[in-house]
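Engineer:
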Amino acid sequence: MVGPVGGTETRAAGDRSGPGSGPQARSRRRNAERWAPYILVAPAVLIIAGLRLYPLLLGVNFSFTGDGDRNGQSVGLDNYVALFDDPLFQQALRNVGLLVLLLPVAVAIPGLLATFIYLRVPGHRLFRSVYFFPAVLSPVIVGAIFNLLLAYDGPLNDVLGTVGVAPIDWLGDPDIAVFAVVGVHIWATFGMALVVFLAGFATLDPTLLDAARVDGASLQQVIRHVIVPGLSRTIQFVFVTTMLGMLTSMFGLLYVMTNGGPEGSTYLPEYYIWIQQGQMNRPALASAASTVLFVIMLVVGLAQISILRRSGKED
Amino acid sequence: MKQRALFSAVLIGGLALTGCGSASEPGSSSSTGGSTDKLVVWDWKSGEENAAGYFEQAKADFAEKHPDVTVEFVAQPFDQYYTLLGTAIQAGEGPDVVMFNGGGQIRDRVDALLVLDDYVADDRERLAGWEAFSKDGEVFAAPLTLQGHPIYYNKALYEEAGLDPDNPPSTWEDFVAGCESIKTKTGAACIGLGNKEGYGIEFFLSAMGSAVLTPEEYDAWIAGDRDWSAPHVKQIFELWQTAGDTGLNNEGANSTAMFNDSFAIFQAGEAANIIGLMSDIGHWKDFNEFLEPDNVGVMPAPVVNQEATPSLPYDGGIGYAVMNWTPNPDLAADLVRSLTSSEALEAFYADAGAIVSDTTIDVSGAGPAVSTIVGELQNGKQALHVALSSQTLDLMHRLSQQLLSGSVTVDEAVEQLAASDEAG
């Protein structure tokens, strides 16, 4: 806001010396110029306020009303109490915690692969396109493919069988299924993060790398002291987007691969919301769950940014 | 997320409005009822190819009785059907005759429906499945098809295992003993089970329930008087767990989808028994195609307790009801009777492979399985799981997987189910 206003004043001052500019025309123009920035940002603000913030508030408001017989009545915090009493929602929250713990892995994989491509390992051109390929597949198709691969009598267990490993029930064992689904999600989406990393590398000053090499730095040292600090903003961005992706776009995979099972072990808040809204006909409870999910994402996102910003400064 | 939810709500609302608009736009003379020489029917079947013969028969039957009345069938998309119908009910006008799913869908809307008892009195004997379309002792729709859970078995595998394919085991001990021979001699699993979504327990509870509970316990369950801690109720869940622990099921049941991986296992001859459906999918017609009709058998549930009387669990599938705003109820009820006439239902059975509500239709040409099913209809009862709320069923899905993996005991499971059943 400060920018355009300052500009207006400068221009108005310049106008004063111009011929044929009466005080009336001057004030009209100044008026128009004063309003112009507001009018220009109005569409964006209205869209955000009308289509995002307002529905958000409606949803939060709706979460304080009842379901079924108590439809439309105000029930205070009942939905939130029911939510945190529900072992299924607790499981979903625990899984969110697990995702946060797995986040460094999900960021490190594309980061490392992008580093190798940037350092021009043999075949890096091929890998660049191959790595991106899964990112163009819809989660439903990815899920269907891995359903076949990970089936109890599927090819993966056959391969393991040839080396003497007993078959593993990848999607039927509650301790394994969640890792299988997260693994497939990382496989399916790391291509996008990889591209972001490659774009980050494009802004990296190559002379720093050359200098490090001349100084005799090893690959590990180059990554640790040159690449990571140089890419801190990119890493920060990838961290936040990967976290949001894990929390909000695993629905398709969950739906196709596990249906939240076995034993509810792969529930995530998003899937829980869908079940409560669509299957159990409890939209107000679903609203409460989505409010909680929103708060979680806000907190996690802000925390990540502040932590990463601090660590970026230290470097 | 929230924005997305709201957006889809707006979208669905919009679709419902436009869908409704397009159905009623040409005015009351065309798609909505209200005139005495014209009846409008809403359903989701009249556009389907394999139901064409059925509708032809029903229309012919009605035209014979009322030659000067025109009948218009409006096929609505099923995924929006009850939304559209809800709008019509809100408005208090719309079709004269409507199709319904049995159970909750029709019971929630009986206020807008005509009581049919007096009109269909002559059909009560001929047709089965009325309970699913009744509330408080009054009938609101005439059943068209039946849906239930017979236990199918593969006669070829039974023969290979040295068992008598024409005399399937009648007790649970014999059944388990037969499973041993099947596994050792054919290599196939004894029971094909897909419990990835947790539907396996629904089928098991309903198919085996009548072989465990006494008839009194069974009827009390259906009537809503359910004692989850009763020994016989627990026994059903113990059977489920033991069947898993002793390896009667195919491997990886908790990661096998019922639709349609478990049916595929049975069709491929990799499992000797499976609890399937009667109509639509995973039923005798599908199995006949893969295994040959003579190899597909249906057995009554093997008896677990001597006091129990095994019966086929089934309910009315779909049926036709009359809206209470129709100006000519006699005419509309006559149309419902034509839609459930023997000739029409026979065509539906022959073309779509559904088990229809008319028990007098000759089904002997379609193989032994369907004959057994139709023969069992007389003694059949409502399925146990249909009486439970969707919340309780959802919980039961997860508990059934935990029972199979051993992370919960039967006592803990029935305790949780009892709490959920009481709350719902």
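Protein chains in written order, with our numbering: chain A, 1 to 315; chain B, 1 to 424. Each residue gets a CB set at the ideal place from its N, CA and C atoms; glycine is no exception. Source: prediction; values computed, not measured.
1) Check the Cβ of arginine 109/B against every Cβ in chain A and list those closer than 8 Å, keeping chain order.
2) Under 6 Å Cβ to Cβ from alanine 257/B, same chain only, skipping five residues before and after it: list those, please.
3) In this structure, what does DSSP give as the bridge partners for leucine 146/B?
4) Do leucine 377/B and isoleucine 361/B have their CB atoms nearer than 8 Å?
5) If you drop the 5 nearest sequence neighbours on each side, which residues of the same chain put their C-beta closer than 7 Å to that of aspartate 358/B?
6) If we call anything under 8 Å between Cβ atoms a contact, is alanine 156/B one with proline 143/B?
7) In chain order, what residues of the same chain lie with their CB nearer than 8 Å to the CB of proline 269/A, ignoring the 5 residues before and after it?
8) Closer than 7 Å between beta carbons: that is the criterion. Which residues of the segment 246-262 of chain A meet it against chain B?
9) Taking tyrosine 152/A as the query, report the chain B residues whose CB atoms sit under 8 Å from its CB, ordered along the chain.
10) Could you tell me which chain B residues have their CB closer than 7 Å to the CB of glycine 172/A, listed as they occur along the chain?
11) Along the alpha helix (DSSP H) that carries lysine 285/B, what are the first and last residues, could you check?
12) List the residues that DSSP assigns as beta-bridge partners of lysine 38/B.
13) Taking C-beta pairs closer than 7 Å, name the residues in chain D that glutamine 402/B reaches, listed in chain order.
14) Under a Cβ-count criterion, where at least 16 other Cβ atoms within 10 Å of its own Cβ denotes burial, should asparagine 281/A be classed as buried or exposed?
15) Less than 8 Å between CB atoms is the rule here; does aspartate 394/B satisfy it with respect to chain A?
16) Rounding to the nearest angstrom, what Cα-Cα distance links serine 29/B and asparagine 324/B in this structure?
17) Across which residues does DSSP place phenylalanine 100/B in a beta bridge pair?
18) Any beta-carbon of chain A closer than 8 Å to the one on glycine 198/B?
19) Out of curiosity, what's the CA-to-CA distance linking valine 363/B and histidine 283/B?
20) Can you give me the start and stop residues for the alpha helix (DSSP H) that tyrosine 54/A sits inside?
21) Of all the CB atoms in chain A, is at least one closer than 8 Å to the CB of serine 405/B?
22) Let me see if you follow: with CB-CB separation under 8 Å, is aspartate 158/A close to chain B or not?
23) Please list, in chain order, the chain B residues whose beta carbon lies closer than 9 Å to that of glutamine 279/A.
24) With DSSP collapsed to three states, give me the class of glutamate 138/B.
25) Start and end of the beta strand (DSSP E) containing tyrosine 153/B?
26) Is the Cβ-Cβ distance between isoleucine 273/A and glycine 260/A less than 8 Å?
27) Closest to glycine 76/A by C-alpha separation, out of Gly66/A, Gly216/A, Asp85/A and Phe84/A, would be which residue?
28) Here's the rule: buried if 16 or more other CB atoms are within 10 angstroms of the residue's CB, otherwise exposed. What is tyrosine 38/A?
29) I'd like the span of the beta strand (DSSP E) that includes valine 296/B, first residue to last.
30) May I have the straight-line CA-CA distance separating valine 100/A from methionine 243/A, to the nearest angstrom?
31) Would you please verify whether the beta carbon of aspartate 86/A is less than 8 Å from any beta carbon of chain B?
32) Counting only the same chain and skipping the five closest in sequence on each side, list residues whose C-beta sits under 7 Å from that of serine 181/B.
33) In chain order, what residues of the same chain lie with their CB nearer than 7 Å to the CB of serine 46/B, ignoring the 5 residues before and after it?
34) To the nearest angstrom, report how far apart phenylalanine 251/A and tyrosine 271/A are at their CA atoms.
35) Is it right to say threonine 162/A is buried, meaning 16 or more other beta carbons lie within 10 angstroms of its own, or is it exposed?
36) For a quick check, are the C-beta atoms of leucine 285/A and leucine 83/A less than 8 Å apart?
Structural biologist: By the coordinates alone:
1) Those do not exist, as arginine 109/B stays about 15 Å from chain A at its closest Cβ, beyond 8 Å.
2) Gly194 and Lys196
3) Gly316/B
4) no
5) Arg126, Leu127, Ser342 and Leu345
6) no
7) Phe89, Ala92, Leu93, Val96, Leu247, Ala289, Ser290, Val292, Leu293 and Ile296
8) Thr248, Asn259, Gly261 and Pro262
9) Glu251, Gly252, Ser255 and Thr256
10) Gly252, Asn254 and Ser255
11) 284-291
12) Thr70/B
13) The structure shown contains no chain D; its protein chains are A and B.
14) exposed
15) yes
16) A caution first: serine 29/B carries a pLDDT of 38, below 50, which makes its placement in the model unreliable, though a value can still be read off. C-alpha separation (whole angstroms): 18 Å.
17) Gly319/B
18) yes
19) 15 Å
20) 54-62
21) yes
22) no
23) Ser390 and Asp394
24) strand
25) 151-154
26) no
27) Gly66/A
28) exposed
29) 296-299
30) 7 Å
31) no
32) Ala161, Gly162 and Leu163
33) Phe55, Phe73 and Ala75
34) 6 Å
35) exposed
36) yes
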